[in-house]
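Heads up: the sequence shown begins at 0 in numbering that gives the first Met the number 0, then just goes up one per residue. Every residue gets a Cβ at the ideal spot worked out from N, C-alpha and C, and that includes glycine. Since the structure comes first, as structure tokens, the remarks are kept for the end.
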Amino acid sequence: MDTGGNRDRYRTYGLYLSQSVREQLEEHLYDEAGVVDLEEYFDPSVSTIPSGDPGADATHALLASVVADFATLYDEANFVAARSLDHDAFALTSLAAEPETIAAARDRFEAATIIQEADLRTVHTAVLDAWLTAE
Numbered sequence: 000m001d002t003g004g005n006r007d008r009y010r011t012y013g014l015y016l017s018q019s020v021r022e023q024l025e026e027h028l029y030d031e032a033g034v035v036d037l038e039e040y041f042d043p044s045v046s047t048i049p050s051g052d053p054g055a056d057a058t059h060a061l062l063a064s065v066v067a068d069f070a071t072l073y074d075e076a077n078f079v080a081a082r083s084l085d086h087d088a089f090a091l092t093s094l095a096a097e098p099e100t101i102a103a104a105r106d107r108f109e110a111a112t113i114i115q116e117a118d119l120r121t122v123h124t125a126v127l128d129a130w131l132t133a134e
């Protein structure tokens with residue numbers, strides 16, 4: 000029986016992003032939640048983050064929006080540009096979201112890698128860039 004216990008905690012989720020997309024994301028999170036240093040904000044060794052944390056709430060809202068609008072974002076994503084980046088140009092970026100949102104995002108990103116015949120770095124970067132550009 001689900002008592003809602005997971006709803007008061009977020010989990011971390013890693014996305015591989017290019018430097019330019021990461022900078023756009025950092026700017027968005029600074030504007031939305033005052034996150035100054037995204038790289039240091041979420042400690043990847045911590046498995047859960049309490050809800051009510053402004054940065055976690057903002058990244059959850061972002062990831063939930065990506066999940067909800069994934070088909071449109073996929074159509075708008077520039078996979079060619081993301082694919083052309085050097086493989087060393089990507090950095091793992093930790094976000095926080097509810098476990099159900101993470102599972103839905105993971106499913107969509109993995110399906111996109113199969114359809115695009117691309118790696119997660121390419122798909123994460125292209126889709127997040129489309130989301131940030133639309134904002």
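Here S64 carries a helix assignment [DSSP, helix/strand/coil]. Contact annotation: F89 and S44 have beta-carbon atoms that are not nearer than 7 Å.
Looking only at A60, A32, E38 and T132, the smallest Cα-Cα distance to E97 is reached by A60. In this structure, A129 sits near L72, with a CB-CB distance shorter than 7 Å. The Cβ atoms of L28 and A55 do not sit closer than 7 Å to each other. Between A110 and V122, the gap from beta carbon to beta carbon reaches 7 Å or more. With contacts defined as CB atoms closer than 7 Å, T11 and S64 fail to qualify as a contacting pair. Look at G54 here: in three-state DSSP terms it is helix. Residue state for A90 is assigned as strand, using DSSP reduced to three classes.
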